[in-house]
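Below you'll find the structure, written out as structure tokens, and then a few comments.
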Amino acid sequence: AQKVTQAQTEISVVEKEDVTLDCVYETRDTTYYLFWYKQPPSGELVFLIRRNSFDEQNEISGRYSWNFQKSTSSFNFTITASQVVDSAVYFCALSEPAFTYNQGGKLIFGQGTELSVKP
Amino acid sequence: GAGVSQSPSNKVTEKGKDVELRCDPISGHTALYWYRQRLGQGLEFLIYFQGNSAPDKSGLPSDRFSAERTGESVSTLTIQRTQQEDSAVYLCASSLREEGYTEQFFGPGTRLTVL
Chain A
1 AQKVTQAQTE ISVVEKEDVT LDCVYETRDT TYYLFWYKQP PSGELVFLIR
51 RNSFDEQNEI SGRYSWNFQK STSSFNFTIT ASQVVDSAVY FCALSEPAFT
101 YNQGGKLIFG QGTELSVKP
Chain B
1001 GAGVSQSPSN KVTEKGKDVE LRCDPISGHT ALYWYRQRLG QGLEFLIYFQ
1051 GNSAPDKSGL PSDRFSAERT GESVSTLTIQ RTQQEDSAVY LCASSLREEG
1101 YTEQFFGPGT RLTVL
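Sequence order for the protein chains is A and B. Per my numbering, the first sequence starts with residue 1, numbered consecutively. Per my numbering, the second sequence starts with residue 1001, numbered consecutively.
Encoded structure:
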């Protein structure tokens, strides 16, 4: 069965600190996709990144970076020099492969990590 | 362009009543998903529509839940005889059906409160 675990329920940091959000996943599929979404207080989910299982290169986008390690089934997310606007709930998600027309590619979400960045 | 829209944004109902939640996907998106988010929890998959194929209903929690979609347009999620445990935010997402993965765009959700 597929499962995503975000062990950190809440994290609180002071502005400008670096913070890493952990994500561990389980799947029997050899092809899969991993995602991070941000849910600010407004409630709307904001897509941050997608990574497929064949691409283990780390990615950096501004202050955001992602570390994908298949050996440990982890897809961790780091925010460098955090800002108050980064305060939100962050979700890691896993998608089944969607190679046939009827395969949905539904997302399996972790429980989320609530990040609070204080000024 | 316009994103995924959902209505109503908030719905308060009494236990035992039926409710209908509506989702308007992004124009041209062939795939549509419903998820449920209970307070402080992650999102749970409910149902998936793709074109005229039979929907994937594997996430529906009970037979009180049903959903319809006409072609590649609007979808309605119906909850019959609502219970207090149905209180949650119901999120809809749509996507272009692309080879290998689906990038889903989420609506703002409908917050359902069952008294």
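Where is the CB? At the ideal position from N, CA and C, for every residue including glycine.
Going by DSSP in three states, A/K3 sits in which element: helix, strand or coil? strand
Out of A/Q111, A/K70, A/K38 and A/L94, which one is the CA nearest neighbour of A/Y64? A/K38
Boundaries of the beta strand (DSSP E) in which A/I60 is found, first to last residue: E59 to S61
Run through the segment 1008-1075 of chain B for me and flag every whole beta strand (DSSP E) of 3 or more residues, listed as ranges in chain order. 1010-1013, 1019-1024, 1031-1037, 1043-1050 and 1065-1069
Under the assumption that B/A1093 contacts B/Q1037 (Cβ atoms under 8 Å), give the Cβ distance between them as a whole number of angstroms. Between B/Q1037 and B/A1093 the Cβ distance is about 12 Å, and since that is not below 8 Å, they are no contact.
Give a yes or no on whether the C-beta atoms belonging to A/G112 and A/Q6 are separated by under 8 Å. yes
A/R28: first and last residue of the uninterrupted beta strand (DSSP E) it sits in: From DSSP, A/R28 is part of no beta strand (DSSP E); its letter is neither H nor E.
Please determine if the segment 18-27 of chain A and the segment 1061-1079 of chain B are in contact, where contact requires at least 3 C-beta pairs separated by less than 8 Å. no
CB contact check: B/P1008 to chain A, cutoff 8 Å: no
Mind pulling the chain A residues with CB within less than 8 Å of B/Q1041? Q111 and G112
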